[in-house]
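In our numbering, the protein residues as written are 7 to 536.
Glycine is no exception: its CB is placed at the ideal position from the N, C-alpha and C atoms.
Because the structure is a prediction, the values reported are computed rather than measured.
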């Protein structure tokens with residue numbers, strides 16, 4: 007009979023024959039290992055999630071900074087005039103502000119950008135890590151070309167657990183773009199992306215601030231073309247979209263290159279340089295050129311071509327009607343006209359004026375050189391303007407002059423009045439204390455030549471004997487006396503005179519005895535006729 011709990015007891019035979027063994031659980035060491043591995047996996051997963059969260063936060067911070075920077079650039083463009091004049095704004099319909107200016111610096115806030123409609127009204131002044139913004143704008147340059155540059159900085163550093171997170175600032179800069187920076191090397195300076203720019207921190211300087219440069223020269227600002235012209239273009243003005251566009255109401259268009267146009271219509275063209283055209287320039291108004299107009303072909307005008315300076319042409323200048331200039335018309339070659347060359351004042355030439363027809367003048371035809379005519383010069387009066395005097399030298403022969411009271415004529419190198427001649431003072435050609443002399447002279451002007459000597463004198467003009475004289479006191483005389491010969495010689499004639507010893511007579515009729523007589527002397531004098 008069984009005792010105890012009948013459900014817990016089995017017969018001995020059954021217990022001995024059962025195949026089951028006792029069960030085993032996890033040991034303590036195994037449980038500890040499992041918990042440790044699970045904790046490490048949880049920790050690593052948490053750290054990865056934290057890094058992802060921080061990276062997303064840094065990206066958002068950078069995007070927020072870029073949004074504020076873009077808004078500030080637009081604000082500078084729209085409020086350039088009051089900012090450049092350092093005018094503050096407390097608030098108003100035309101300039102809502104707030105904007106505070108002092109010295110050369112203006113400061114604005116996020117509320118300023120919201121009031122201008124550059125940021126949504128729901129935009130918060132705090133970024134993703136809880137920092138506000140400081141915005142400063144600096145005015146540089148000289149009037150009227152003022153430059154407005156500035157910087158946007160976070161109001162406080164990005165720190166976690168007292169440690170400045172430069173790594174997160176760098177990720178934020180990557181999201182904000184090339185105009186972003188941070189204060190890492192100096193608490194008073196923002197160093198730009200890649201070290202290409204820097205800006206001072208004037209409000210709440212500290213290490214670990216995120217910054218963004220704004221204003222002229224920044225990457226965001228360079229996409230704008232300022233209406234007031236203070237920002238130069240960095241590329242071409244491209245209007246090639248398939249539609250013709252216009253530039254309306256432009257005052258001056260200045261360039262260093264070439265202006266190319268299929269057609270150019272203008273009322274006024276003022277060029278300081280050259281206008282080079284391969285086609286035709288049709289000008290309904292005026293073309294005012296301070297420099298040169300160079301044409302390889304023809305410059306054609308249906309009416310008149312006027313110039314205040316000179317017109318220089320290597321070829322011909324053709325005119326259907328009149329070529330008129332209030333200044334100087336200069337030609338390196340000939341000016342040929344089938345019709346009339348007309349001048350309201352004077353027609354001056356440094357060379358000659360040749361005309362196959364007549365030259366008409368309402369007043370005076372004047373030349374500093376020579377006026378030559380193959381035919382007749384006809385007029386009421388011919389008035390010499392030069393001053394001359396009778397007996398004075400002149401050139402060329404045939405010239406007409408005046409001494410103020412009578413007309414003078416240039417003849418043989420001297421001035422003389424009509425129907426009269428003047429005689430110059432005698433000119434000694436030769437005087438010699440010798441005998442048996444012979445001299446020749448060419449007369450520059452007509453002259454009376456007298457030769458005196460002791461003995462005989464013979465004078466020739468151009469080789470012809472025109473005078474001979476012997477000087478003795480009588481037959482069988484041994485006394486020699488002087489004799490002379492006077493002849494007229496025209497201008498250019500060769501006059502020769504010679505002297506010789508006297509031949510004396512003696513010894514009877516028809517008997518000649520040669521006798522040498524002592525004595526010497528020879529004088530040749532010319533008196534010129536003017």
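Residue 217 and residue 239 closer than 9 Å at C-beta: In the chain shown, residue 217 corresponds to position 211, counting from 1. In the chain shown, residue 239 corresponds to position 233, counting from 1. Cβ distance not < 9 Å, so residue 217 and residue 239 don't count as in contact.
For residue 200, which residues from the same chain have a beta carbon less than 8 Å from its beta carbon, with the 5 sequence-adjacent residues on both sides left out? Working through the chain shown from its first residue, we reach residue 200 at position 194. Contacts found: 184.
Between 435, 296, 443, 272, which has its C-alpha nearest residue 256's C-alpha? Position 250 of the chain shown, counting from 1, holds the residue named residue 256. Considering only alpha carbons, the answer is 272.
Curious, which full-length alpha helix (DSSP H) runs of at least 4 residues does the segment 119-206 contain? 172-182
Grouping DSSP H, G and I as helix and E and B as strand, with all else coil, what is residue 219? Start at 1 with the first residue of the chain shown, and residue 219 comes out as number 213. DSSP places residue 219 in strand when its eight states are reduced to three.
Residues sharing a beta bridge with residue 105, DSSP: On the chain shown, residue 105 is found 99 positions in, with the first residue counted as 1. Residue 105 is bridged to 95, 114.
State the beta-bridge partners of residue 456 as determined by DSSP. The count along the chain shown starts at 1 and reaches residue 456 at position 450. For residue 456, which the question treats as bridged, DSSP gives the partners 492, 531.
Can you list, in chain order, the residues of its chain with a C-beta nearer than 8 Å to that of residue 132? Leave out the 5 residues immediately preceding and following it. Sequence index remark: in the chain shown, residue 132 carries index 126 (1-based). Answer for residue 132: 138, listed in chain order.
With distances taken from CA atoms, which of 210, 209, 198 is nearest residue 219? As a working note, residue 219 is residue 213 in the chain shown. In terms of Cα proximity to residue 219, the closest of 210, 209, 198 is 198.
Close beta carbons around residue 175, own chain, < 6 Å, minus the five adjacent residues each side: Locating residue 175 in the chain shown gives position 169, counting from the first residue. These residues qualify, in order along the chain: 164, 188, 216.
In chain order, what residues of the same chain lie with their CB nearer than 6 Å to the CB of residue 102, ignoring the 5 residues before and after it? The residue given as residue 102 occupies position 96 in the chain shown. 121.
Tell me whether residue 124 is buried or exposed, calling it buried when 16 or more other Cβ atoms sit within 10 Å of its Cβ. The sequence position of residue 124 within the chain shown is 118, counting from 1. Buried, since its Cβ has 16 or more Cβ neighbours within 10 Å.
Distance, Cα to Cα, residue 283 vs residue 267? One-based indexing of the chain shown puts residue 283 at position 277. One-based indexing of the chain shown puts residue 267 at position 261. About 10 Å.
Pull up the distance between the alpha-carbon of residue 205 and that of residue 142, whole angstroms please. As a first step, residue 205 must be located in the chain shown, where it is residue number 199. As a first step, residue 142 must be located in the chain shown, where it is residue number 136. Taking the straight line from one Cα to the other gives about 11 Å.
Simplified DSSP assignment, three categories, for residue 64: If you number the chain shown from 1, residue 64 lands on position 58. Helix at residue 64.
Cα separation between residue 406 and residue 382? As a position in the chain shown, residue 406 is number 400, starting the count at 1. As a position in the chain shown, residue 382 is number 376, starting the count at 1. In a straight line, the C-alpha of residue 406 is about 16 Å away from that of residue 382.
Roughly how many whole angstroms lie between the Cα atoms of residue 70 and residue 97? Taking the first residue of the chain shown as position 1, residue 70 is located at position 64. Taking the first residue of the chain shown as position 1, residue 97 is located at position 91. The straight-line gap from Cα to Cα measures roughly 25 Å.
Under a three-way DSSP split, which group does residue 83 fall into? Within the chain shown, residue 83 is the residue found at index 77, counting from 1. Residue 83: helix per DSSP, three-state reduction.
On a CA-only basis, which of 107, 43, 179 is nearest residue 62? Give me that one, please. Against the chain shown, residue 62 aligns to sequence position 56. Checked all of 107, 43, 179; the closest Cα to residue 62 is 179.
Pull up the CB-CB distance for residue 477 and residue 450, whole angstroms please, since I reckon it's below 8 Å. As a working mapping, residue 477 is identified with position 471 in the chain shown. As a working mapping, residue 450 is identified with position 444 in the chain shown. The C-beta distance from residue 477 to residue 450 rounds to 30 Å, too long to meet the 8 Å contact threshold.
Are residue 78 and residue 134 closer than 9 Å when you measure CB to CB? Mapped onto the chain shown, residue 78 falls at position 72. Mapped onto the chain shown, residue 134 falls at position 128. The answer is no: Cβ separation not under 9 Å.
On the three-state DSSP scale, how would you describe residue 35? Residue 35 sits at position 29 when you count from the first residue of the chain shown. Reduced to three states, the DSSP call for residue 35 is helix.
Would you say the segment 487-507 touches the segment 452-460, given that touching needs at least three Cβ pairs under 8 Å? yes
Assuming the contact rule is C-beta atoms closer than 8 Å, residue 161 and residue 64 should be a hit. Round their C-beta distance to whole Å, please. Residue mapping note: residue 161 aligns to position 155 of the chain shown, counting from 1. Residue mapping note: residue 64 aligns to position 58 of the chain shown, counting from 1. The pair is not a contact, with the Cβ atoms about 17 Å apart (cut-off 8 Å).
Using the three-state DSSP reduction, which class does residue 44 fall into: helix, strand or coil? Taking the chain shown and counting its residues from 1, the one referred to as residue 44 is at position 38. Here residue 44 sits in helix by DSSP.
Tell me whether residue 503 is buried or exposed, calling it buried when 16 or more other Cβ atoms sit within 10 Å of its Cβ. Mapped onto the chain shown, residue 503 falls at position 497. Buried, because 16 or more other Cβ atoms sit within 10 Å of the Cβ of residue 503.
Quick check on DSSP: helix, strand or coil for residue 209? As a working mapping, residue 209 is identified with position 203 in the chain shown. Three-state DSSP puts residue 209 in coil, outside helix and strand.
Under the three-state reduction of DSSP, which class applies to residue 403: helix, strand or coil? Counting from one through the chain shown, the residue named residue 403 turns up at place 397. Coil, per DSSP.
Excluding the 5 residues flanking residue 191 on each side, which residues of the same chain have their C-beta closer than 7 Å to its C-beta? As a working mapping, residue 191 is identified with position 185 in the chain shown. Counting only Cβ-Cβ distances below 7 Å, and skipping sequence neighbours, we find 197.
Residue burial classification, residue 461 (beta-carbon count within 10 angstroms, cutoff 16): The residue you call residue 461 lines up with position 455 of the chain shown. So residue 461 counts as buried.
Local Cβ density within 10 Å of residue 47, reported as buried at 16 or more and exposed below that: If you number the chain shown from 1, residue 47 lands on position 41. Per the 10 Å Cβ criterion, exposed.
Let me confirm a value: residue 410 is counted as buried when at least 16 other C-beta atoms fall within 10 Å, else exposed. Which label applies? Here residue 410 is taken as the residue at index 404 of the chain shown, counted from 1. Residue 410 is exposed by the Cβ-count criterion.
Counterpart residues of residue 438 in DSSP-defined beta bridges: Working through the chain shown from its first residue, we reach residue 438 at position 432. Here residue 438 is bridged, per DSSP, to 528.
Would you mind reading off the limits of the beta strand (DSSP E) that contains residue 396? Counting from one through the chain shown, the residue named residue 396 turns up at place 390. Residue 396 -> no beta strand (DSSP E), and no H or E assigned at all.
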